[in-house]
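Q: Could you have a look at this structure, given as structure tokens, before my questions?
2 protein chains.
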Amino acid sequence: MTTHPNDPSLRSFIEIDPGSDFPIQNLPYGVFSTAANPTPRVGVAIGNFVLDLWELEQDSRLDVGPLGVFSGSSLNPFMALGPKVWTKTRARISELLRHDHPELRDNEELRKQALVPMREARLHLPFAVSGYTDFYSSKEHATNVGVMFRGKDNALQPNWLHMPIAYNGRASTVVVSGTKVKRPRGQLKPPNVEVPSFGPCKRLDFELEMGVVVGQPSAMGGMLTESQAEEMIFGFVLLNDWSARDIQQWEYVPLGPFLAKAFATSISPWVVMREALEPFRLKGPVQEPVPLDYLKQARPQNYDLELDVSLRAAGANAPAGISRTNFKYMYWSSVQQLMHHASSGCAMNVGDLLGSGTISGPEKNQRGSLLEISWNGTEPAELPGGAKRAFLEDGDSLVMRGWCQGNGYRVGFGEVEGTILAAE
Amino acid sequence: MTTHPNDPSLRSFIEIDPGSDFPIQNLPYGVFSTAANPTPRVGVAIGNFVLDLWELEQDSRLDVGPLGVFSGSSLNPFMALGPKVWTKTRARISELLRHDHPELRDNEELRKQALVPMREARLHLPFAVSGYTDFYSSKEHATNVGVMFRGKDNALQPNWLHMPIAYNGRASTVVVSGTKVKRPRGQLKPPNVEVPSFGPCKRLDFELEMGVVVGQPSAMGGMLTESQAEEMIFGFVLLNDWSARDIQQWEYVPLGPFLAKAFATSISPWVVMREALEPFRLKGPVQEPVPLDYLKQARPQNYDLELDVSLRAAGANAPAGISRTNFKYMYWSSVQQLMHHASSGCAMNVGDLLGSGTISGPEKNQRGSLLEISWNGTEPAELPGGAKRAFLEDGDSLVMRGWCQGNGYRVGFGEVEGTILAAE
Numbered sequence: 001m002t003t004h005p006n007d008p009s010l011r012s013f014i015e016i017d018p019g020s021d022f023p024i025q026n027l028p029y030g031v032f033s034t035a036a037n038p039t040p041r042v043g044v045a046i047g048n049f050v051l052d053l054w055e056l057e058q059d060s061r062l063d064v065g066p067l068g069v070f071s072g073s074s075l076n077p078f079m080a081l082g083p084k085v086w087t088k089t090r091a092r093i094s095e096l097l098r099h100d101h102p103e104l105r106d107n108e109e110l111r112k113q114a115l116v117p118m119r120e121a122r123l124h125l126p127f128a129v130s131g132y133t134d135f136y137s138s139k140e141h142a143t144n145v146g147v148m149f150r151g152k153d154n155a156l157q158p159n160w161l162h163m164p165i166a167y168n169g170r171a172s173t174v175v176v177s178g179t180k181v182k183r184p185r186g187q188l189k190p191p192n193v194e195v196p197s198f199g200p201c202k203r204l205d206f207e208l209e210m211g212v213v214v215g216q217p218s219a220m221g222g223m224l225t226e227s228q229a230e231e232m233i234f235g236f237v238l239l240n241d242w243s244a245r246d247i248q249q250w251e252y253v254p255l256g257p258f259l260a261k262a263f264a265t266s267i268s269p270w271v272v273m274r275e276a277l278e279p280f281r282l283k284g285p286v287q288e289p290v291p292l293d294y295l296k297q298a299r300p301q302n303y304d305l306e307l308d309v310s311l312r313a314a315g316a317n318a319p320a321g322i323s324r325t326n327f328k329y330m331y332w333s334s335v336q337q338l339m340h341h342a343s344s345g346c347a348m349n350v351g352d353l354l355g356s357g358t359i360s361g362p363e364k365n366q367r368g369s370l371l372e373i374s375w376n377g378t379e380p381a382e383l384p385g386g387a388k389r390a391f392l393e394d395g396d397s398l399v400m401r402g403w404c405q406g407n408g409y410r411v412g413f414g415e416v417e418g419t420i421l422a423a424e
Numbered sequence: 001m002t003t004h005p006n007d008p009s010l011r012s013f014i015e016i017d018p019g020s021d022f023p024i025q026n027l028p029y030g031v032f033s034t035a036a037n038p039t040p041r042v043g044v045a046i047g048n049f050v051l052d053l054w055e056l057e058q059d060s061r062l063d064v065g066p067l068g069v070f071s072g073s074s075l076n077p078f079m080a081l082g083p084k085v086w087t088k089t090r091a092r093i094s095e096l097l098r099h100d101h102p103e104l105r106d107n108e109e110l111r112k113q114a115l116v117p118m119r120e121a122r123l124h125l126p127f128a129v130s131g132y133t134d135f136y137s138s139k140e141h142a143t144n145v146g147v148m149f150r151g152k153d154n155a156l157q158p159n160w161l162h163m164p165i166a167y168n169g170r171a172s173t174v175v176v177s178g179t180k181v182k183r184p185r186g187q188l189k190p191p192n193v194e195v196p197s198f199g200p201c202k203r204l205d206f207e208l209e210m211g212v213v214v215g216q217p218s219a220m221g222g223m224l225t226e227s228q229a230e231e232m233i234f235g236f237v238l239l240n241d242w243s244a245r246d247i248q249q250w251e252y253v254p255l256g257p258f259l260a261k262a263f264a265t266s267i268s269p270w271v272v273m274r275e276a277l278e279p280f281r282l283k284g285p286v287q288e289p290v291p292l293d294y295l296k297q298a299r300p301q302n303y304d305l306e307l308d309v310s311l312r313a314a315g316a317n318a319p320a321g322i323s324r325t326n327f328k329y330m331y332w333s334s335v336q337q338l339m340h341h342a343s344s345g346c347a348m349n350v351g352d353l354l355g356s357g358t359i360s361g362p363e364k365n366q367r368g369s370l371l372e373i374s375w376n377g378t379e380p381a382e383l384p385g386g387a388k389r390a391f392l393e394d395g396d397s398l399v400m401r402g403w404c405q406g407n408g409y410r411v412g413f414g415e416v417e418g419t420i421l422a423a424e
């Protein structure tokens, strides 16, 4: 009971493959339902099972607050209870799942009620998205885009090194992994034509990102210290910021991306708690110039988190890897993003989602979007079987995976998948 | 009972001044509470009273659906019931308030319960804001800003005449009239200094806008026809899109305004139904080039709606008028904005708020922001008593009013007021 839930030596009575994303050291939260019980409720992933927290709550095995915290279709009521409750609850769930704790292990009826095989679970959007903000915090990504469109000498905009640049995204179309994505329509005006036309996007792209799930509010008019910002972060998800490059190119001056990003944003169904990522913290890149005081961070705020993108071309049998990078490359950390976000007096809410911005690394195989991989369409990615992709085609399926590698176990995120449907 | 609620000949048994914003032809919805009953609930403004709809609902005088539609702190449950219920309910409320209908008029006890003097009512944010989108649809405003920053020849961006340009705003800081607004802080880098510093905004501005309140959802992946878009609009509010011009100038390239607009957006407490504005419809400006098919509108979609802005400088006794314009000047209508918004497949939600964009008119005294009134600070507004204002100072109070003038009555919005507090 005194062992920390992150302890690498912990084992569950449930047998878990060392390659599983969901060992006892992870315990990510999600919302699920089953054919037998179609009411969405909160669960925790453990190996190939979902632990039904609403069953445990009703059976008085979890004491989290007002009864029903885990009975609903979103994590928001649980997140609203705050970091002390998050930590206490995780410790209790860890205890219940330990190989040397008999309470659940030896209670066959409760096990049957509370442990749902993952293959029987339908996974839902894990939280109600209050606001969605998308940052632009990978220096490699911003540089790639800048070189492509403005040349090497003016690659980074003058403000980029001084603050985590961001825009408000559209919360209404944040969807869970597996949701099909209809190719958006919009105004298109390639540089070589005089007048725009309306039609299906021809340059449909993905963007590999991580999403921060904000679990605590901040006051309108207030600011955040590093530790305040950190404690507001409930966890992280994988995030695919689908992007219509041609719609974006025509609409975005001067007010930024709007419809080019508003048709869909996909996230992974499991929210991995910030606490579970603690063992994988590391220092981010050196920041030069030194950030202004309100953005300074005293602790390492990046994470060693491997990321993998694969693309199953329409008609192909298997996905092919097209990018392999790491969250550790991010120039601006999630904590800096949150401190910046609140700095003008902007109130943060439970359920806010902050996209990290496309995560690219220094190498060519570490690029987090097709725009970069195909260098603005000029060097299409060559896939096994002969398919080529400058941008996404109808029927293509894009899969992102992410994990922190421990010694003999990994804290993983599962995947975020999306398949492209033809425009109507 | 067969008279339409918009009929100019209708009279209420409540005496209403012809200059009142809230005659029986208006019946706008809001959320209010009183010292005696501090639970926020839904009401309708009528003359100097608030009609308590929750009282009427409990007394079985309104049959709107599941009991409790008007018991909560937002209009969202009522809006979700759809346009047929909106119309039916408005007709019923109109009937209950008519001078020749005895049901409420002659029921002294019910009158005492249901009619709350406006001066005793505390007005709350009338609906839960799902998403906030801010458009940029006044040609005069866009031209003024363009001339200021890019010169006369390139005033309008190439895309402006082809679509209603917009960005996603921040919903978490939409506040009701009367909420004090703390001067935001942010990164400032005037063109003549090398490195940015962090501090209070020095160029704080208002923007005169109308806000569309979306009352019905639309499907992700779908598009909207003109009549579908129209029927989704529940009503309108006055909107002040507070803007930190110096923060904006440094942050907005390339992803648009973010923190410069995220600290506060004020709206009026009464939502005037689209239906109440029907008599004041008119055709907007000629659109040349002709919009693409998906933006075409067959009906007049603008409104003859007078707008007035006044500023009470810190320490001054009275407000002074600084702008007088009309909503009719808008180049892109609210219906076109909504059709455009959904066109990429973006789902709209009950409670979405669409800012029209700053409303300026063709004349100098019709400018909807201090940026334009003071021509980027070079010609400060001269106020009675000798005060001058290039931008807003601490203690200044800004008031916007709006109304449609009928024959012998007016359908008004009340006001949206905000007073600037010093930064911390």
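Chains as they are written, first to last, in the UniProt record's numbering: chain D, 1 to 424; chain L, 1 to 424.
The beta-carbon is built from N, C-alpha and C at its ideal position, and this holds for glycine as well.
(1) Applying a beta-carbon distance threshold of less than 8 Å, which residues of chain L neighbour SER137 of chain D?
(2) Are the CB atoms of LEU51 of chain L and ILE93 of chain L within a distance shorter than 8 Å?
(3) Cutting at 6 Å between CB atoms, please list the residues of its own chain near VAL69 of chain L, excluding the five before and the five after it.
(4) Does ILE165 of chain L get closer than 8 Å to chain D when you measure Cβ to Cβ?
(5) Going by the beta-carbon positions, is the gap between PRO338 of chain L and MET232 of chain L smaller than 8 Å?
(6) Does any residue of chain L have a CB that is nearer than 8 Å to the CB of TYR29 of chain D?
(7) Which partner residues does SER369 of chain D have in the DSSP bridge list?
(8) Helix, strand or coil: how does DSSP classify ARG324 of chain L here?
(9) Within 8 Å (strictly less), CB to CB, does ASN192 of chain L reach chain D?
(10) Taking the alpha carbon of LEU421 of chain L as the reference point, which residue from L:PHE413, L:ASP396 and L:SER71 has its own alpha carbon closest?
(11) Going along the region 281–315 of chain L in order, which residues come within less than 9 Å of chain D, judged by CB to CB distance?
(12) Assign ARG150 of chain L to buried or exposed, taking buried as 16 or more other Cβ atoms, counted over all protein chains shown, within 10 Å of its Cβ.
(13) So the alpha helix (DSSP H) ASP246 of chain L belongs to, where does it begin and stop?
(14) Could you tell me the alpha carbon to alpha carbon distance between PRO279 of chain L and ASN6 of chain L, rounded to whole angstroms?
(15) Quick one: list the residues of chain D neighbouring ASN376 of chain L, beta-carbon separation under 8 Å, in chain order.
(16) Please determine, among D:ARG122, D:PHE32 and D:ASN349, the residue with the shortest C-alpha to C-alpha distance to GLY82 of chain D.
(17) One question on the structure: do SER172 of chain L and ALA80 of chain D come within less than 8 Å of each other, judged by their Cβ atoms?
(18) Closer than 8 Å by C-beta to GLY19 of chain D: which residues in its own chain qualify, once you throw out the five before and the five after it? Chain order, please.
(19) Suppose the cutoff is 8 Å on Cβ atoms and the five residues either side in sequence are ignored; what does the same chain contact list for PRO380 of chain D look like?
(20) Find out if the Cβ-Cβ distance for the pair VAL42 of chain L, LEU75 of chain L is shorter than 8 Å.
(21) Flag MET220 of chain L as yes if its beta-carbon sits less than 8 Å from any beta-carbon of chain D, otherwise no.
(22) Just tell me which of L:GLY385, L:GLY345, L:PRO191 and L:MET330 has its CA closest to the CA of GLU140 of chain L.
(23) Closer than 7 Å by C-beta to LEU115 of chain L: which residues in its own chain qualify, once you throw out the five before and the five after it? Chain order, please.
(24) In the DSSP assignment, find the unbroken alpha helix (DSSP H) run with ALA45 of chain L in it and report its ends.
(25) Report yes if the C-beta distance between PRO269 of chain D and GLY169 of chain D is below 8 Å; otherwise report no.
(26) Going by CA-CA distance only, name the one from D:ALA342, D:GLY345, D:ARG324 and D:TRP332 that's closest to GLN366 of chain D.
(27) Taking a Cβ distance cut-off of 8 Å, strictly less, list which residues of the region 239–272 of chain D are near chain L, in chain order.
(28) Taking the straight line between their C-alpha atoms, what separation do you get for residue 438 of chain L and ALA142 of chain D?
(29) Which runs of the beta strand (DSSP E) at least 3 residues long sit entirely within the UniProt domain "Fumarylacetoacetase N-terminal" (25–126) of chain L? Give them in chain order.
(30) Could you give the DSSP three-state label for LEU188 of chain D: helix, strand or coil?
(31) Please list the partners that VAL347 of chain L has in chain D, where partner means a Cβ-to-Cβ separation under 8 Å.
(32) Should PRO307 of chain D and LEU208 of chain D be called a contact, given that it needs their Cβ atoms to be closer than 8 Å?
(33) Among the residues of its own chain, which have a CB less than 6 Å from the CB of PRO384 of chain D, if the five just before and after it don't count?
(34) Please name the residue or residues paired with PRO200 of chain L in a DSSP beta bridge.
(35) In whole angstroms, give me the CA-to-CA distance for GLN249 of chain L and SER60 of chain L.
(36) If you count every other CB in all the chains shown that lies within 10 Å of the CB of GLY9 of chain D, and 16 or more means buried, which is it?
A: Answer, in terms of the structure:
(1) By Cβ distance, chain L contributes nothing, its closest Cβ being about 12 Å from SER137 of chain D, past 8 Å.
(2) Cβ distance < 8 Å, so ILE93 of chain L and LEU51 of chain L count as in contact.
(3) Short of 6 Å from the beta carbon of VAL69 of chain L, and not among the five residues preceding or following it, lie these beta carbons of its own chain, in chain order: PRO77 and PHE78.
(4) Under the Cβ criterion of 8 Å, ILE165 of chain L is counted among the residues facing chain D.
(5) Position check: residue 338 of chain L holds Leu in this sequence, whereas Pro was assumed. Yes, the Cβ-Cβ distance between LEU338 of chain L and MET232 of chain L is below 8 Å.
(6) No, TYR29 of chain D lies away from the interface with chain L (no Cβ there is under 8 Å from its Cβ).
(7) Per DSSP, the beta-bridge partners of SER369 of chain D are D:GLU207.
(8) DSSP places ARG324 of chain L in strand when its eight states are reduced to three.
(9) The C-beta of ASN192 of chain L comes no closer than 8 Å to any C-beta of chain D.
(10) Nearest to LEU421 of chain L by C-alpha distance, out of L:PHE413, L:ASP396 and L:SER71, is L:ASP396.
(11) Within the region 281–315 of chain L, the qualifying residues are PRO289, LEU292, ASP293, TYR294 and LEU295.
(12) Result: exposed.
(13) Boundaries of the alpha helix (DSSP H) harbouring ASP246 of chain L: 245–251, taken from the DSSP string.
(14) Going by the C-alpha atoms only, they are around 8 Å apart.
(15) Per Cβ cutoff of 8 Å: no residues; ASN376 of chain L is ~16 Å from chain D at best.
(16) With distances taken between Cα atoms, GLY82 of chain D lies closest to D:ASN349.
(17) In this structure, SER172 of chain L lies away from ALA80 of chain D, with their beta-carbon atoms at least 8 Å apart.
(18) Cβ-Cβ distances below 8 Å link GLY19 of chain D to ARG410 in the same chain, with the five nearest sequence neighbours on each side left out; the list follows chain order.
(19) Apart from sequence neighbours up to five positions away, the residues of its chain that approach PRO380 of chain D with a beta-carbon distance below 8 Å are SER374, LYS388, ARG389 and ALA390, ordered along the chain.
(20) Taking 8 Å as the Cβ cut-off, VAL42 of chain L and LEU75 of chain L qualify as a contacting pair.
(21) By the rule that beta-carbons nearer than 8 Å mark a contact, MET220 of chain L touches chain D.
(22) Taking GLU140 of chain L as reference, the option from L:GLY385, L:GLY345, L:PRO191 and L:MET330 with the minimal CA-CA separation is L:MET330.
(23) Excluding positions up to five away in sequence, the list reads PHE49 and LEU51.
(24) Per DSSP, ALA45 of chain L belongs to no alpha helix (DSSP H); it is in the beta strand (DSSP E), 41–46.
(25) Between PRO269 of chain D and GLY169 of chain D, the C-beta spacing is not below 8 Å.
(26) The shortest C-alpha to C-alpha distance from GLN366 of chain D to any of D:ALA342, D:GLY345, D:ARG324 and D:TRP332 is the one to D:ARG324.
(27) The region 239–272 of chain D vs chain L, Cβ under 8 Å: ALA244, ILE247, TRP250, GLU251, TYR252, VAL253, PRO254, LEU255, GLY256, PRO257, PHE258, LEU259, ALA260, ALA262, PHE263 and ALA264.
(28) Outside the displayed span of chain L (1 to 424) sits residue 438 of chain L, for which this structure offers no information.
(29) Positions of the beta strand (DSSP E) runs, each at least 3 residues long and wholly inside the UniProt domain "Fumarylacetoacetase N-terminal" (25–126) of chain L, are given as 29–33, 41–46, 49–52, 115–117 and 122–124 in order along the chain.
(30) Three-state result, LEU188 of chain D: strand.
(31) For the sequence presented, residue 347 of chain L should be read as Ala rather than Val. SER172 and THR173, listed in chain order.
(32) According to the sequence provided, residue 307 of chain D is Leu. The question's Pro does not apply to it. A distance below 8 Å separates the beta carbons of LEU307 of chain D and LEU208 of chain D.
(33) Shown here for PRO384 of chain D: same chain residues with a beta carbon closer than 6 Å to its own, the five before and five after excluded, namely ALA320 in chain order.
(34) Per DSSP, L:ARG185.
(35) Taking the Cα positions, GLN249 of chain L is about 55 Å away from SER60 of chain L.
(36) What sits at residue 9 of chain D in the sequence shown is Ser, not Gly. Exposed, because fewer than 16 other Cβ atoms sit within 10 Å of the Cβ of SER9 of chain D.
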